[in-house]
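Structure, as C-alpha coordinates:
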Amino acid sequence: PVTLVSHPEANGDTTFEAAIPKTLLDNPRYTQLVFRVGHTVIPDDLYSNGDTRPLGLAFDWLRLDPINK
246 PVTLVSHPEA NGDTTFEAAI PKTLLDNPRY TQLVFRVGHT VIPDDLYSNG
296 DTRPLGLAFD WLRLDPINK
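Each residue of the sequence shown is one higher than the one before, counting from 246 in our numbering.
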(Lines of atoms letter the chains of each structure in order from A; the text may use other names.)
(Lines give C-alpha, C1' and ligand atoms only; values in the text may rest on other atoms or scores of the structure.)
Protein backbone atom coordinates (compact mmCIF):
# COMPACT_ATOMS: atom_id res chain seq x y z
CA PRO A 246 0.00 0.00 0.00
CA VAL A 247 1.09 3.54 -0.82
CA THR A 248 -0.17 6.51 1.18
CA LEU A 249 -2.05 9.05 -0.90
CA VAL A 250 -2.15 12.73 0.02
CA SER A 251 -5.25 14.53 -1.24
CA HIS A 252 -5.31 18.10 -2.53
CA PRO A 253 -8.82 19.57 -3.02
CA GLU A 254 -9.07 21.81 -6.09
CA ALA A 255 -11.13 25.01 -6.38
CA ASN A 256 -13.37 23.41 -9.05
CA GLY A 257 -14.44 20.57 -6.73
CA ASP A 258 -12.00 17.97 -8.07
CA THR A 259 -9.37 16.31 -5.91
CA THR A 260 -5.76 15.67 -6.88
CA PHE A 261 -3.91 12.82 -5.17
CA GLU A 262 -0.15 12.56 -4.75
CA ALA A 263 2.06 9.71 -3.53
CA ALA A 264 5.68 8.62 -3.50
CA ILE A 265 6.35 4.95 -4.27
CA PRO A 266 9.45 3.76 -2.39
CA LYS A 267 12.05 1.86 -4.43
CA THR A 268 11.65 -1.06 -2.01
CA LEU A 269 8.14 -1.65 -3.44
CA LEU A 270 9.41 -1.86 -7.02
CA ASP A 271 10.18 -5.50 -7.85
CA ASN A 272 11.25 -4.50 -11.35
CA PRO A 273 11.94 -0.77 -11.86
CA ARG A 274 11.40 -1.17 -15.64
CA TYR A 275 7.86 -2.52 -15.20
CA THR A 276 5.62 -1.40 -12.37
CA GLN A 277 1.94 -2.22 -12.10
CA LEU A 278 -0.33 0.20 -10.26
CA VAL A 279 -3.54 -1.22 -8.78
CA PHE A 280 -6.26 1.12 -7.54
CA ARG A 281 -8.90 -0.11 -5.11
CA VAL A 282 -11.99 1.63 -3.78
CA GLY A 283 -14.14 0.84 -0.76
CA HIS A 284 -17.39 1.12 -2.68
CA THR A 285 -18.78 2.06 -6.06
CA VAL A 286 -21.67 4.31 -7.05
CA ILE A 287 -24.22 4.15 -9.85
CA PRO A 288 -24.49 7.54 -11.59
CA ASP A 289 -28.24 7.06 -12.13
CA ASP A 290 -28.72 6.92 -8.36
CA LEU A 291 -27.05 10.32 -8.03
CA TYR A 292 -28.20 12.18 -11.14
CA SER A 293 -31.13 10.18 -12.63
CA ASN A 294 -29.30 10.09 -15.95
CA GLY A 295 -29.95 6.48 -17.02
CA ASP A 296 -26.30 5.41 -16.48
CA THR A 297 -26.48 2.20 -14.42
CA ARG A 298 -22.79 1.25 -14.60
CA PRO A 299 -21.08 0.82 -11.21
CA LEU A 300 -18.26 3.37 -11.08
CA GLY A 301 -15.49 3.75 -8.51
CA LEU A 302 -12.72 5.82 -10.07
CA ALA A 303 -12.43 8.46 -12.75
CA PHE A 304 -9.07 9.67 -14.02
CA ASP A 305 -8.61 12.91 -15.88
CA TRP A 306 -4.85 12.37 -16.02
CA LEU A 307 -2.09 10.35 -14.38
CA ARG A 308 1.49 11.53 -14.17
CA LEU A 309 4.51 9.54 -12.95
CA ASP A 310 7.78 11.31 -12.24
CA PRO A 311 11.01 9.70 -10.99
CA ILE A 312 12.40 11.03 -7.73
CA ASN A 313 16.17 10.77 -7.41
CA LYS A 314 16.73 10.15 -3.72
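Backbone N, C-alpha and C define an ideal beta-carbon position, used for all residues, glycine too.
> When DSSP labels each residue in this structure, what does T248 get in the three-state scheme?
Replying inline: coil
> With a Cβ-Cβ cutoff of 9 Å, do G301 and T285 count as a contact?
Replying inline: yes
> chain B beta carbons: is any one of them nearer than 9 Å to that of W306?
Replying inline: Of the chains in the structure shown, none is chain B; there is only one protein chain.
>> For a test of the three-state rule: what should DSSP assign to T276, helix, strand or coil?
In response: coil
> When the distance is taken between beta carbons, is E262 closer than 9 Å to L249?
Replying inline: yes
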